[in-house]
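Take a look at the structure set out below.
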Amino acid sequence: MVSVTEQVVYVVDDDQGMLDSTVWLLESVGLKALPFTSGREFLEACDSRLNACVLLDVRMPGMGGLNVQEHMRSRDLHLPVIFVSGHADVPIVVRAFKAGAHDFIEKPYNEQLLLDSVLQALSKADHRQSLGEGPARVQARMQQLTPRERDVLLPLVQGYTNREIAEQLGVSVKTIDLYRARVMKRMAASHLPELVGMAIAVGLVDPLQLR
1 MVSVTEQVVY VVDDDQGMLD STVWLLESVG LKALPFTSGR EFLEACDSRL NACVLLDVRM
61 PGMGGLNVQE HMRSRDLHLP VIFVSGHADV PIVVRAFKAG AHDFIEKPYN EQLLLDSVLQ
121 ALSKADHRQS LGEGPARVQA RMQQLTPRER DVLLPLVQGY TNREIAEQLG VSVKTIDLYR
181 ARVMKRMAAS HLPELVGMAI AVGLVDPLQL R
């Protein structure tokens, strides 16, 4: 029996090895982790009264993570969702954030990054308020970008590869690699999904115009 005051992390992943290692990581810092190998099992057990968040794999047999997220919304299960995926292409990331995802982390994940995201999701702070503050910070960072860095930022969050961006701008792939790293650093983004989330927050990315 789980207490409604206990912090709980639902972990949903069809990869048993990944599931076990994630549960071990969470329990090593004192969190209660409830493992599930399918989205349907999780939905049947999910209790919205708990102080909980969900670590949700994107690609699973049967019901994928994005479908699980849709079912959660239809059932008024308003728990913060952190997607974990080895296939973080931009359209999937945009769809997840548009549907209210708290975060999107790529596999293999950095353990501290994952723990930080989980603890943020479990905090009692109003997430909508944090989103309200976010765009101002993102806009301030964008204003610090050089014109060429802004030229790289837009196609990057739209899903173009470094080679395609290089062809668009008439420069070498190595040059784009350099600018991409500078954009990530200036925007304080640790991975591409986080950068896409920033672009969505300020309205830079239109999902209807994605590739």
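Position 67, counted from 1, in the sequence shown is what the UniProt record's numbering calls 67; the numbers after and before it change by one each time, with no gaps.
For glycine and all other residues, C-beta sits at the position ideal for the given N, C-alpha and C.
Leaving out five residues on either side along the sequence, give the residues of the same chain with a beta carbon under 8 Å from the beta carbon of residue i.
| i | result |
| --- | --- |
| Arg150 | Met142 |
Report all residues from its chain with a CB closer than 6 Å to the CB of residue i; omit the five preceding and five following residues, and keep chain order.
| i | result |
| --- | --- |
| Asp13 | Leu19 and Asp57 |
| Glu6 | Lys32 |
| Leu154 | none |
| Glu133 | Here the model assigns Glu133 a pLDDT of 44, short of 50, so the residue's position is not dependable and the matter cannot be decided. |
| His127 | Residue placement at His127 is poorly supported in this model, since its pLDDT is 43, which falls under 50; the coordinates are not used for a value here. |
| Ala96 | Phe83 and Phe104 |
Assuming residue i and residue j make a contact with CB atoms under 8 Å, what is their CB distance in whole Å?
| i | j | result |
| --- | --- | --- |
| Met198 | Val138 | 5 Å |
| Cys53 | Ala121 | 4 Å |
| Val70 | Ser85 | Note on residue identity: the sequence assigns Glu, not Val, to residue 70. The pair is not a contact, with the Cβ atoms about 16 Å apart (cut-off 8 Å). |
| Leu145 | Val183 | 7 Å |
| Arg163 | Val173 | 5 Å |
Name the two residues that bound the continuous alpha helix (DSSP H) containing residue i.
| i | result |
| --- | --- |
| Lys107 | Careful: Lys107 lies outside any alpha helix (DSSP H) and carries neither H nor E. |
| Gln16 | Gln16 to Ser28 |
| Val171 | First-last for Val171: undefined, no H or E at that position. |
| Ser74 | Gly65 to Ser74 |
| Leu43 | Gly39 to Ala45 |
Nearest to residue i by CA position, among the options, is which residue?
| i | options | result |
| --- | --- | --- |
| Asn110 | Leu66, Ala136 and Ser21 | Ser21 |
| Arg49 | Met72, Leu79 and Leu55 | Leu79 |
| Phe36 | Thr146, Val11 and Glu106 | Val11 |
| Leu26 | Leu145, Pro91, Asp116 and Arg148 | Asp116 |
| Asp15 | Ser172, Gly39, Ser28 and Ser123 | Gly39 |
| Ala99 | Val81, Pro108, Leu113 and His87 | Val81 |
| Asp76 | Asp89, Pro61 and Leu43 | Leu43 |
| Pro135 | Gln168, Ala96, Leu169 and Met187 | Met187 |
| Glu41 | Gly17, Met72 and Ser28 | Met72 |
| Pro108 | Arg148, Leu34 and Phe83 | Phe83 |
| Pro193 | Val29, Pro61 and Pro91 | Pro91 |
| Arg148 | Ala140, Leu178, Asn51 and Tyr160 | Leu178 |
| Ser123 | Asn51, Leu34, Leu55 and Gly30 | Asn51 |
In chain order, what residues of the same chain have a beta carbon less than 7 Å from the beta carbon of residue i, not counting five sequence neighbours either side?
| i | result |
| --- | --- |
| Val205 | Val94, Val157, Gln158, Val196 and Ala199 |
| Gly17 | none |
Determine the extent of the beta strand (DSSP E) in which residue i is found, giving its start and end residues.
| i | result |
| --- | --- |
| Val196 | It is not in any beta strand (DSSP E) - Val196 instead sits in the alpha helix (DSSP H) that spans Leu192 to Ala201. |
| Pro61 | No beta strand (DSSP E) contains Pro61, which DSSP labels as neither H nor E. |
| Gln7 | Gln7 to Val12 |
| Val84 | Val81 to Ser85 |
Taking 8 Å as the cut-off, decide whether the C-beta atoms of residue i and residue j are in contact.
| i | j | result |
| --- | --- | --- |
| Ala166 | Thr175 | yes |
| Val9 | Val118 | yes |
| Ser190 | Leu66 | no |
| Arg59 | His102 | no |
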